[in-house]
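Residue numbers (our numbering), protein chains in the order written: chain A, 42 to 228; chain B, 6 to 178.
Here a beta-carbon is modelled for each residue, glycine too, at the ideal position from N, C-alpha and C.
Working notes, beginning with the structure itself.
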């Protein structure tokens, strides 16, 4: 996994730059610099293939660019950005699924084939099995599992992004873990 | 990616996989070039910069920007107010009162020196020492020319008149 150096800046400082026409572009570049990697990996684990993640990340930042003027500050900037990224990834997956096969295990096959076709994935069979098991989960459980397992996001923050109670999120994660465990036991 | 301890119980297999390389990579310099690629796409798509900026944030930030100055100004105001309050509330001791008490001569000389500040009518209204002796303020009834005989007995009036010189009598009349 590659990481680039970023200059740390507070959300308030970012918003101050974005609020002025003179410093807007600099502010937006800094916002991208600050959040692009976290959002990329969040999206990548949802859509799996790098090219898809790149498309979704670009769409996410275009949405942010258009919508930053309407950010009301009711939630943290980070929460708002994650929510946009999550929605973009879901929309992208749904549009892909409509074009995919109508077979019941279409999404599972799609996940496995995507990973195998992606030149930027070199995980072994057990990693592919894990990704396939995750792909089999219902949408909400899949998102909760990824946010918790990979991003190690606290449930309180997750609740802000997904508009769900902490208790429901914990239950979703618990069910997701059980299902993945069962998937491994079956094979 | 952070590696904070995950407190949720995970099956051993998931724990093991979590600590292993997951197999996802990105092309070289992908993140370094991302901003420029996005701005190129924004230009190509003709997406304009948002017109409506975050006025609510500007207000908030103006307050937060001037907060230190406001806090210092408030602190100074409180200090000055506290100093003034304590100064005005320090009661003088008996000795201090005695040392600052003015003598009659001092008062008189002050009044004479500043006579122009006093209205003549106000001065005229001041009772003389004799008047104060004759009619103590605590017993002073509401007087009128008709009731003066109630205050001074006729025999007293006669003796007063006898004590007066002719010039004084002429002045009154």
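- Residue 40 of chain B has a beta carbon lying within less than 8 Å of a beta carbon in chain A.
- Shown here, residue 112 of chain A sits in coil according to DSSP, grouped into three states, outside any helix or strand.
- Considering only beta carbons, the part of the region 70-102 of chain A lying closer than 9 Å to chain B consists of 70, 73, 74, 77, 78, 79, 81, 82, 85, 86, 89, 91, 94, 95, 98, 99, 102, in chain order.
- For residue 191 of chain A, there is no enclosing alpha helix (DSSP H), as DSSP marks it with neither H nor E.
- Sequence-distant partners of residue 192 of chain A (beyond 5 residues in either direction) whose C-beta falls short of 8 Å from its own C-beta, in its chain, are 79, 82, 83.
- Taking 8 Å as the cut-off, the Cβ atoms of residue 159 of chain A and residue 209 of chain A do not count as close.
- Residue pairing by DSSP places residue 162 of chain A opposite B/29 in a beta bridge.
- Assignment of residue 52 of chain B by DSSP, reduced to helix, strand and coil, places it in the coil class.
- Distance check between residue 60 of chain A and each of A/111, A/85, A/184 places A/111 closest, using alpha-carbon atoms only.
- Contacts with chain A at 8 Å (Cβ-Cβ) include residue 31 of chain B.
- Put simply, the CB of residue 52 of chain A is far from chain B, with every gap to its CB atoms at 8 Å or more.
- Contact annotation: residue 75 of chain A and residue 103 of chain A have beta-carbon atoms that are not nearer than 8 Å.
- Around the Cβ of residue 93 of chain A, a 10 Å sphere holds 16 or more other Cβ atoms; the residue is buried.
- In the structure shown, residue 17 of chain B falls within a helical segment according to DSSP collapsed to helix, strand and coil.
- Taking 8 Å as the cut-off, the Cβ atoms of residue 171 of chain A and residue 22 of chain B count as close.
- With fewer than 16 other Cβ atoms inside 10 Å of its own Cβ, residue 74 of chain B counts as exposed.
- Legend: CB atoms of the region 101-122 of chain A lying less than 9 Å from CB atoms of chain B belong to residues 102, 103, 106, 107, 108, 109, 110, 111, 112, 113, 114.
- Chain A has a Cβ within less than 8 Å of the Cβ of residue 15 of chain B.
- Look at residue 63 of chain A: its C-beta is not under 8 Å from any C-beta on chain B.
- Two segments are said to touch when three or more pairs of C-beta atoms, one from each, lie closer than 8 Å; by this definition the region 208-228 of chain A touches the region 170-187 of chain A.
- Spatial neighbours of residue 217 of chain A in its own chain (CB-CB distance under 6 Å, excluding positions within 5 residues in sequence) are listed in chain order as 178, 182, 186.
- Residues of chain A whose Cβ lies closer than 9 Å to the Cβ of residue 51 of chain B do not exist, since the nearest Cβ in that chain is about 12 Å away.
- Within a 10 Å sphere around the beta-carbon of residue 77 of chain A sit 16 or more other beta-carbons, which makes this residue buried.
- Residue 63 of chain A has its alpha-carbon roughly 36 Å from the corresponding atom of residue 197 of chain A.
- If you check each beta-carbon in the region 208-220 of chain A against every beta-carbon of chain B, the ones closer than 7 Å belong to 214, 218.
- Looking from the CA of residue 190 of chain A, the closest CA among A/215, A/203, A/169 belongs to A/215.
- Closer than 8 Å at the C-beta level to chain B, one finds these residues of the region 170-192 of chain A: 171, 189, 190, 191, 192.
- Under the three-state reduction of DSSP output, residue 117 of chain A falls in the coil class, being neither helix nor strand.
- Taking a C-beta distance under 8 Å as the contact criterion, residue 97 of chain A and residue 129 of chain A qualify as a contact pair.
- The three-state reading of DSSP puts residue 76 of chain B in helix, counting H, G and I together.
- Listed in chain order, the non-local C-beta contacts of residue 124 of chain A below 7 Å within the same chain comprise 202, local neighbours out to five positions each way being set aside.
- Taking a beta-carbon distance threshold of 8 Å, residue 167 of chain A counts as an interface residue toward chain B.
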